[in-house]
Amino acid sequence: MPTDKQIDAAAAAAAEKANGGKFLDPLFYKPEHQAFWRDVIRCALEASEAATRKERKASQVSKEGVRTFSEHCVYIRSVYTFMTRIWRDSDAGERAVMESVAPLFFEDIGKVLGDFLVIAACRITDPTDAGRGRENFGVELFANSFPPEDETFGKLHALRGRMEKLRKVIEPARNKLGAHADRDVIREGKTLQGGSWKEWEDFWLALADFVRLLNEKTFGKPFEIDAAGVFGDAETLLKSLKQSRHFEALINDKDPKIRDACLNVALKAA
0 MPTDKQIDAA
10 AAAAAEKANG
20 GKFLDPLFYK
30 PEHQAFWRDV
40 IRCALEASEA
50 ATRKERKASQ
60 VSKEGVRTFS
70 EHCVYIRSVY
80 TFMTRIWRDS
90 DAGERAVMES
100 VAPLFFEDIG
110 KVLGDFLVIA
120 ACRITDPTDA
130 GRGRENFGVE
140 LFANSFPPED
150 ETFGKLHALR
160 GRMEKLRKVI
170 EPARNKLGAH
180 ADRDVIREGK
190 TLQGGSWKEW
200 EDFWLALADF
210 VRLLNEKTFG
220 KPFEIDAAGV
230 FGDAETLLKS
240 LKQSRHFEAL
250 INDKDPKIRD
260 ACLNVALKAA
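Per the working numbering, residue 0 is the first one in the sequence shown, and the count goes up by one each step.
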């Protein structure tokens, strides 16, 4: 959809053309008439879009395609859930344990997963048309698999619109640092936006509703992208790290009986 500035320019051009190329007659573009001409342009654009929708054929998407896309959404959502628990929601004690066990590992993996999530969110919201007759496997493809007159078409595109809000924020980071290495950005040490937590949460809520509705219409039952056990895995990892530090402290205890007992336990577990 054109911006307000573009609509204003088109409205002025339309009024000038209607007046024979001149604005000598104030009837056509007085300040109080400008809203009228903007409405003319918007109506024309809406009519054009409606005609395009009627001509557009629904994309052919198989049930297997819906299943594969849904499972992919579970995967990227799981990475996000795991990452936020470990790196965002960990407390000072948990972070201290991670740093004491492997400081560079957790720092580097956090950066890698952050880059992955930016790329993943942009990839599933990429336009369907990839050029040269190829199509991207994203939300637009599945939204367009329903006829424009179908209520589901409108609902899916509304959810897609919500996801686009995050995409607009993080796309520069994906294009300049994730998918490519922009020389100017790197040379200047620029920090590109990765989206706020609120924007990410709304993205995931919209994607969850999208996948749920898509599966209801395709298979007759909803599908949830929040996988069971992911949060528990993160908790288990943090707990194991804490226990390893406690065990190491006992191993280094000055009392040889405690040390030997711990070593025996370790050898039996091995």
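Don't be surprised by glycine CBs; every beta carbon is placed ideally from N, CA and C.
Cys42, buried or exposed, once every other Cβ within 10 Å from all chains shown has been counted against 16 = What you label residue 42 is simply residue 43 of the sequence shown in a count that begins at 1. Taking all protein chains shown into account, Cys42 has fewer than 16 neighbouring C-beta atoms within 10 Å of its C-beta and is therefore exposed.
Below 8 Å on the Cβ atoms is my guess for Leu213 versus Phe105; work out the distance and round it to an integer in Å.
-> Taking the first residue of the sequence shown as position 1, residue 213 is located at position 214. Taking the first residue of the sequence shown as position 1, residue 105 is located at position 106. About 36 Å; that fails the 8 Å criterion.
Would you call the CB atoms of Cys121 and Ile224 closer than 7 Å?
-> Translated into the one-based positions of the sequence shown, residue 121 becomes position 122. Translated into the one-based positions of the sequence shown, residue 224 becomes position 225. No, they are not a contact pair.
Check the C-beta distance from Leu175 over to Leu191 and give it rounded, since I have them as a contact under 8 Å.
-> Stepping through the sequence shown from its first residue, residue 175 is reached at position 176. Stepping through the sequence shown from its first residue, residue 191 is reached at position 192. Rather than Leu, the amino acid found at residue 175 in this sequence is Lys. With a Cβ gap of about 6 Å, Lys175 and Leu191 count as contacting.
Please report the Cβ distance between Gly194 and Leu240, rounded to the nearest whole angstrom; I am assuming they are in contact, meaning their Cβ atoms lie under 8 Å.
-> The residue you call residue 194 lines up with position 195 of the sequence shown. The residue you call residue 240 lines up with position 241 of the sequence shown. About 28 Å separates the beta carbon of Gly194 from that of Leu240, a gap too long to meet the 8 Å contact definition.
What does a CB cutoff of less than 6 Å around Val100 pick up in its chain, not counting 5 residues either side in sequence?
-> Stepping through the sequence shown from its first residue, residue 100 is reached at position 101. Cβ neighbours of Val100 beyond the five flanking positions: Leu240.
Close Cβ partners of Phe152 (< 7 Å) along its chain, the five nearest in sequence each way excluded = For the purposes of this step, residue 152 is taken as residue 153 along the sequence shown, with counting starting at 1. Ala142, Phe145 and Pro146, listed in sequence order.
Cβ shell of Ala157 (< 6 Å), same chain only, five flanking positions each side left out = Indexing the sequence shown from 1 puts residue 157 at position 158. Cβ neighbours of Ala157 beyond the five flanking positions: none.
Taking Cβ positions, are Phe81 and Val184 nearer each other than 7 Å?
-> Numbered from 1 along the sequence shown, position 82 holds the residue referred to as residue 81. Numbered from 1 along the sequence shown, position 185 holds the residue referred to as residue 184. The answer is no: Cβ separation not under 7 Å.
Proximal residues to Ile169 (C-beta, below 7 Å), its chain only, five neighbours per side dropped = Residue numbering aside, residue 169 sits at position 170 when the sequence shown is read from its first letter. Shown here for Ile169: same chain residues with a beta carbon closer than 7 Å to its own, the five before and five after excluded, namely Val117, Ala120, Cys121, Gln192, Gly193 and Gly194 in chain order.
Would you mind working out which of Trp199, Gln242 and Asn263 sits nearest Gly92, comparing C-alpha positions?
-> Counting from one through the sequence shown, the residue named residue 92 turns up at place 93. Comparing Cα positions, the closest option is Gln242.
Per-residue DSSP class, three states only, for Arg37 | Your numbering for residue 37 matches position 38 in the sequence shown. Three-state DSSP puts Arg37 in a helix.
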